Each structure stands twice: as C-alpha cells, then as structure tokens.
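Visitor: Numbering (our numbering), first residue to last: -17 to 509. For glycine and all other residues, C-beta sits at the position ideal for the given N, C-alpha and C. Predicted model, so just to flag it, every value in this text is computed and none were measured.
1) Are the stretch 0 to 8 and the stretch 452 to 467 touching by the rule of at least three beta carbon pairs closer than 8 angstroms?
2) Check residue 506 in the structure and name its three-state DSSP category.
3) Less than 8 angstroms separating the beta-carbons of residue 401 and residue 367?
4) I'd like to know whether the C-beta atoms of residue 474 and residue 427 end up nearer to each other than 8 angstroms.
5) Measure from the alpha carbon of residue 70 to the alpha carbon of each residue in 436, 203, 210, then state which is nearest.
6) Report yes if the CB atom of residue 49 is closer than 8 angstroms to the CB atom of residue 216, and no otherwise.
7) Check whether the stretch 227 to 238 and the stretch 266 to 279 touch, using three or more Cβ-Cβ pairs below 8 angstroms as the test.
8) Please classify residue 130 as buried or exposed, where buried requires at least 16 other C-beta atoms within 10 Å of its C-beta.
9) For residue 298, collect the residues of the same chain with a Cβ closer than 7 angstroms to its Cβ; drop the 5 residues on either side in sequence, then sort them by chain order.
10) What does the alpha-carbon distance come out to for the pair residue -15 and residue 109?
11) Which term fits residue 380, buried or exposed, when burial requires 16 or more other beta carbons within 10 angstroms of its beta carbon?
12) In the DSSP assignment, what residue or residues form a beta bridge with residue 253?
13) If you draw a straight line from the alpha carbon of residue 351 to that of residue 306, how long is it in whole angstroms?
14) Taking only the alpha-carbon atoms, compute the straight-line gap between residue 435 and residue 403 and give it to the nearest angstrom.
15) Do residue 291 and residue 127 have their beta-carbon atoms positioned less than 8 angstroms apart in this structure?
16) Just to confirm my understanding: we take residue 261, look at its own chain, exclude 5 residues before and 5 after, and list those with CB closer than 6 angstroms. What are they?
17) I'd like the span of the beta strand (DSSP E) that includes residue 130, first residue to last.
18) Would you list, in sequence order, the uninterrupted alpha helix (DSSP H) runs of no fewer than 4 residues that lie entirely inside the stretch 348 to 417?
19) Going straight from the alpha carbon of residue 510 to that of residue 377, what length do you get?
20) Since residue 294 sits in a beta bridge, which residues does DSSP pair it with?
21) Going straight from the alpha carbon of residue 445 to that of residue 429, what length do you get?
22) Relative to the C-alpha of residue 363, which candidate in 477, 317, 316, 310 has its C-alpha closest?
23) Can you tell me whether DSSP reads residue 340 as helix, strand or coil?
24) Determine the closest residue to residue 288 out of 161, 360, 389, 257, with distance taken between C-alpha atoms.
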C-alpha cells in the first residue's frame, strides 16, 4: 500500500469524514457534494449552485446563529432489543462544519488534550494515509477516513486486549463500569461554553462570537434550534461531546485530590466516549470516584445509566471475554481441520468440508448458550476472523492447490458460516463485514470453473434473499439493514437481479426514500 500525503489546504475534505453517520447505505456518500464544493463547483448543475453557492465562500457564509435546519433522521438496529436514531445534517450545516474546522481545528486539538482518562480523542491533523494499490475508477477519491489522527484506540476492544489494560489490572483489584444515560440525547449545547470557560464567564460573554459560541450555535442549527440534545452519528458530534467530557474528567481529578485520592495510586479511570472504567484499590474508592463523576455530570445536565453499572474483581473476565477466547480457539481448530497437509507437505482441503462447517456452527451456538450471551456481543470478532482467515488461506491455496473444486467447496462452507452468524445479528455494521467477506469470496472464484462460480454466487444470493424475507417480516420499518443487504446482491451480476416483487415491496414500505437518498448513480439491479 502506498503512502499518500493529505492536502491540508483542502478544507472541504471535512465533508468526507466528519459530517455523515458511519451507518449509511453503501451507495450513499458525500463524494459528489465534496467535488461540487471544491474544484468542480463551476461545472456543477444549476440547482447545486443555487443550494450551496451562497454558503460556499467564507465571505458569504452566515452566522450559524442565523440558521435553522431540519436533519434527515432514520433508525438502525442497535442490538437485539433497541434501535438507534441517526441523523444526517443539512448540507448548509455541513458547510458550517467545514468553516469551523478550518478556523478552529487547533483549538479543538488543545481542548481534547486535557484528560488522561480518554481512550479516544483527536491528537493531530492527519498528514499522511495509506492508499489502495491497483487501478481505481477515480484516483481523486482516495481520501483518508479521518480529518484528525486519534489516540489511543480506534475501538474499545483494542483497549481490553492491550498491555495498558493488563497493567491496570495488576495494580487495581477492583473495576467499576458505567456509562452516561442517552449521552448525546441529553447534552445541553450551551455546556460547550461551560467546558471551554467557566459557566459564569460564558454567560457574561454570551453575545460575543467565539469558538464555543459558534460550535454551540452550529449544533443547535443542525437540530431544529434545539439546545437539548445533539445529532447522533457524525464525528463532529463525538468531538463536541469529547470536549465537554474531558472537562468533567479534569474536574474529577481535582475533586478526588481534594478528598485525598491520588490518581495512579488509589485509583485510575479510562473513558471511551461515554463509557467509564474506574480501577481502584477497593470497592469503596470506586464508589467514591463514581460519586464525584455523578456530581460533576449533573452540573452539565448528564447522569449515569444505573442499570448498566457493574462491579468486577480480578480477574477482570466477563462472560463475553471468556466466550471470545473460546471462539478464537474453535476457529483455529476449524481452519486447521479444513486445510490439511499430506506427507509431501502439500496443502489440500478436507473432503468433509460441508459436514465440518455444520459442526462448527453447532460449536458456536454452544459457546453462546453456555456463556449466556447474545450474538451481538461476539459477531464482530467472528466476522473479523472469518475475513482474515479467508484472505490468508484462500490465497495460499490458490498458489499451491490444483483442486479449484475443493477451494470452491471451502468458500461455500465459509459463506454458510458467515450467513448463519449474520442471521443472528442483522445490523448495519455486521452487514458491512458480511459484504467484505462476500467480496473476498467473489475475488477468489474469478479464475475458477463456471460451475464453481455459479455455486458460490447462488449460495450468497440465496442466503441474502432468505435474510431479506426474515427481516422484512420481523421489523418492516427498519430499512437500512435491508437496503445494504440488497447492495451485496448487486455484486453478483445481472444473472442474480432482484425480483420485481421485492422492489415493489420496498417502494410500498417507503424504502424508496432511502433508495433516492442514496442513489448517487448506482442503481440496484431489477428484473
């Protein structure tokens, strides 16, 4: 992979990384908007010029306090029980975010360096990223996925697997975990000024235009002028929350010291967005630190979710942690049994592939049942291992094995396992992972005989249609997962076009709203 230097003078790259929710349809992005706001603005359609022209330049851009927009909101599945509402901010507000970053990015970085508790916060502006090798349709659209570089961990599970977590466990025998109740829904936008300045000073300077007043006005303007709650989904919302919560962290450190508790000696804390992990010498100290957090958060009109408060003693091992370790071992055994070596050290595939895949699924079910957890807790791990091992094993087999047919059977079995787990956890994030696995499988069969290609493609198509039918009966008003699943089928080619009756159903259920929103020149195949 080649290194690509970021053009830091390109302020509109904020549109590609900071303003959209991660969970959107595959065929929806801000790439077109980004182009029209940048080099290709003069070539853009008249309607685009009318919509964004007056906000494009700094001289014409209005004060965010003068704007009032309505976001486009939609639901996705959060877990087995709950849904989550995400919001797409108005294009005019997106351009305001561009202006905010352009003028205040260094202030954002300074305000996100105040807490030693934070596990994920902006550290510096990205200057380089790794681009994809090989030919691309449009080289111009290779861009970094973040505007800022982040410390310390991209995902929470990286922390649990780290030396840092092990060191904390060695020092502190007690761990209390809790989170903020509906954090983004309850954030009061004016508290950004309280976090940057003092509350009294912020009230005195309320009419002056500053970073915090602009950020406050921007979050209000994106959400019906509401001061209670911020939009969920975008990176800019997470940064808004991070600035506030870092101030809370700093206040708690000072309050704890006043009560005779020394950080790193009596206790330590780690926070990932709004999830807290309090490590302490005793349960009483953990309770004391939680009380300090509770008091500070109340000043910012936030509170804990009491139902999700848990205490642990060493070893810090939950049923989910134990299940993940077992699953990793079961995966290793499964792949070792599928890919074998003969006496001449030649690699070959076991002839009992399909039977072994069914037994493997039984083992996954058993681990889930024994540990009394749900698939949502471990599906990400399962998909990650499947994708990684598929890439490694198939590449090795394609280079050494003469039997294309046996490789095809292996791919068939892996698709079977993938879609079984997917059926237990149909969310937008799991759909992304399943799609990547399907792409790897389709790459692997490109040079194989036609019957093997058809067998694997038909398996992916049939499994996708089965889940489609299950999901529209289970929760007909949730469409994002369904739309993204249909995009998987588009990869299979014209022979596997969607039946017209399924498209008719989507239109009748108002899924067409999302199809129109996301269709940036990429139509779903219909027959």
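Guide: Reading off the structure:
1) yes
2) The residue you call residue 506 lines up with position 524 of the chain shown. In this predicted model, residue 506 has a pLDDT of only 36, less than 50, meaning its place in the structure is not dependable enough to derive any value.
3) As a working mapping, residue 401 is identified with position 419 in the chain shown. As a working mapping, residue 367 is identified with position 385 in the chain shown. Going by C-beta atoms, residue 401 is not nearer than 8 angstroms to residue 367.
4) By 1-based counting over the chain shown, the position of residue 474 is 492. By 1-based counting over the chain shown, the position of residue 427 is 445. Against a cut-off of 8 angstroms, the Cβ pair of residue 427 and residue 474 comes out as no contact.
5) Here residue 70 refers to the residue found at position 88 of the chain shown. Nearest of 436, 203, 210 to residue 70, Cα basis: 203.
6) The residue labelled residue 49 in the question sits at position 67 within the chain shown. The residue labelled residue 216 in the question sits at position 234 within the chain shown. In this structure, residue 216 does not lie closer than 8 angstroms to residue 49 by Cβ.
7) yes
8) Sequence index remark: in the chain shown, residue 130 carries index 148 (1-based). With 16 or more Cβ atoms within 10 Å of its Cβ, residue 130 is classed as buried.
9) Along the chain shown, read from residue 1 onward, the residue named residue 298 stands at position 316. For residue 298, where only same-chain residues beyond five positions count, the Cβ hits under 7 angstroms are 151, 157.
10) For the purposes of this step, residue -15 is identified with residue 3 of the chain shown, where counting begins at 1. For the purposes of this step, residue 109 is identified with residue 127 of the chain shown, where counting begins at 1. Taking the straight line joining both Cα atoms gives about 10 angstroms.
11) For the purposes of this step, residue 380 is identified with residue 398 of the chain shown, where counting begins at 1. By the neighbour-count rule (16 or more Cβ atoms within 10 Å), residue 380 is not buried but exposed.
12) Counting from 1 along the chain shown, the entry for residue 253 is found at position 271. DSSP, once it has assigned bridges, lists 100, 258 as partnering residue 253.
13) As a position in the chain shown, residue 351 is number 369, starting the count at 1. As a position in the chain shown, residue 306 is number 324, starting the count at 1. If you take the alpha carbons of residue 351 and residue 306, they lie about 13 angstroms apart.
14) In the chain shown, the residue the question calls residue 435 occupies position 453. In the chain shown, the residue the question calls residue 403 occupies position 421. A straight-line Cα-Cα distance of about 23 angstroms links residue 435 and residue 403.
15) Position 145 of the chain shown, counted from the first residue, corresponds to residue 127. Position 309 of the chain shown, counted from the first residue, corresponds to residue 291. Contact check for residue 127 against residue 291 fails: the beta carbons are separated by 8 angstroms or more.
16) For the purposes of this step, residue 261 is identified with residue 279 of the chain shown, where counting begins at 1. Excluding residues within five positions, the ones whose Cβ falls inside 6 angstroms are 150, 154, 157, 250.
17) Locating residue 130 in the chain shown gives position 148, where the first residue counts as 1. Start and end: 130 to 134.
18) 361 to 382, 386 to 406
19) Since the first and last residues shown for the chain are -17 and 509, residue 510 lies out of range.
20) Here residue 294 refers to the residue found at position 312 when the chain shown is read from its first residue. Residue pairing from DSSP places residue 294 in a beta bridge opposite 157.
21) On the chain shown, position 463 is the one that residue 445 refers to. On the chain shown, position 447 is the one that residue 429 refers to. Looking at the two C-alpha atoms, the distance is approximately 23 angstroms.
22) Along the chain shown, read from residue 1 onward, the residue named residue 363 stands at position 381. Residue 310 is the option with its Cα nearest to residue 363.
23) What you label residue 340 is simply residue 358 of the chain shown in a count that begins at 1. Residue state, collapsed to three classes: helix.
24) Residue mapping note: residue 288 aligns to position 306 of the chain shown, counting from 1. The candidate whose alpha carbon is nearest that of residue 288 is 161.
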